[in-house]
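S.K.:
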Amino acid sequence: MPELPEVEHAARALARATSGARIVRAKVLHPYVGRNLRKTSLRRLVGRAIARVERRGKHQLAMLDDGSMLHVHFRMTGDWVVSSREQELPRFARFVLELENGARIVLADPRALSTVEVLEPGASLATMLGPDAVSEQFDAAHLRTALARRRIAIKPALLDQSVVAGIGNIYAAEALWLARIDPRVPASRLGARDVERLVRAIRRVLSRGRDGSGRYTTAGSARLNVYDREAKRCPRCGTSIARIVQAARSTYWCPGCQVNPALRATRP
DNA sequence: AGGAGCCTGCGC
DNA sequence: GCGCAGGCTCCT
11 MPELPEVEHA ARALARATSG ARIVRAKVLH PYVGRNLRKT SLRRLVGRAI
61 ARVERRGKHQ LAMLDDGSML HVHFRMTGDW VVSSREQELP RFARFVLELE
111 NGARIVLADP RALSTVEVLE PGASLATMLG PDAVSEQFDA AHLRTALARR
161 RIAIKPALLD QSVVAGIGNI YAAEALWLAR IDPRVPASRL GARDVERLVR
211 AIRRVLSRGR DGSGRYTTAG SARLNVYDRE AKRCPRCGTS IARIVQAARS
261 TYWCPGCQVN PALRATRP
């Protein structure tokens, strides 16, 4: 369940379940999930306490008391299941952490695309991340600069985690709809006012998008205005919602009210 | 810039 | 069956 609000929720759940507790066991149950792990590094976790948990974009970092870090990425379908050691493992359990307080934290992921790795003290994430989408560092000035020389369309640009960290496919579409921007517009063609609207739209979209459990849904959700709604009516203008493919990902958008800013300028 | 691929389940 | 999926990396 991999968009930023969901990862934030998951990271908090992890923090709550672990807070200060020592790890007594750490085990990968699916080889693909541990593909970035060196054979011995999981054992280094045993005996360490989890001091705190941070989220950076959609990455989770559990900071251990010796300065090393447990780095987890849910990709498409990962999630934490918190229970106790006596309970049965949940379906799709791919990685298990057991704590001396009796808690058991399981990474459940049907597709097993999640990754778990241990970073040495002082190491940093291998990926370049832009400012977090819900941080103050992410503002119109930053986004404008980051997009200035990009010739790719704005929608795939928003998915580029080095531009801004934490936006996924669903909320990229939803934010562009809110800001009334055509997803196909070259990123560098957005004007200052478009970028400002877009930043506000991103903030709004990321501040909703969750039900009480921290999950989101697609079909049947009143919150999603365009995503997964091909051929349905745009809630704003009634036009039939379109689906296109950009950078091999689905983009849903409204051809009626999401306009190309360049065209808007020539037709006042 | 575009596509394949990773792995598995689900809906048609 | 087949095609699709909320992400990301790596390759042409």
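Mapped onto the working numbering, the consecutive letters of the first sequence carry residue numbers 11 to 278. Ideal Cβ placement from N, Cα and C applies to all residues, glycine included. Since we're looking at a predicted model, the values are computed, not measured.
1) Taking buried to mean at least 16 other C-beta atoms within 10 Å of its own C-beta, is P100 buried or exposed?
2) S250 by DSSP, collapsed to three states: which one?
3) To which residues does DSSP link M73 through a beta bridge?
4) Taking Cβ positions, are A31 and A113 nearer each other than 8 Å?
5) Below 6 Å CB to CB, which residues in the same chain sit around A25 once its five sequence neighbours on both sides are set aside?
6) Does the Cβ of Y226 have 16 or more other Cβ atoms within 10 Å, making it buried, or fewer, making it exposed?
7) Can you look up D149 in the DSSP assignment and give me helix, strand or coil?
8) Answer yes or no: do I233 and I251 have a C-beta to C-beta separation smaller than 8 Å?
9) Does the separation of the CB atoms of V205 and A150 fall below 8 Å?
10) Does the beta-carbon of G176 have 16 or more other beta-carbons within 10 angstroms, so that it is buried, or is it exposed?
11) Under the three-state reduction of DSSP, which class applies to A27: helix, strand or coil?
12) Along the alpha helix (DSSP H) that carries K165, what are the first and last residues, could you check?
13) Taking all protein chains shown into account, decide if C247 is buried (16 or more other Cβ within 10 angstroms of its Cβ) or exposed.
M.R.: By the coordinates alone:
1) exposed
2) strand
3) R62 and M79
4) yes
5) V63
6) Because Y226 sits at a pLDDT of 47, beneath the cut-off of 50, its placement in the model cannot be relied upon, and the following sentence gives the value as read from the coordinates. Buried is the call here.
7) coil
8) It should be noted that the sequence gives Arg, not Ile, for residue 233. No, the Cβ-Cβ distance between R233 and I251 is not below 8 Å.
9) yes
10) buried
11) helix
12) I164 to L169
13) exposed
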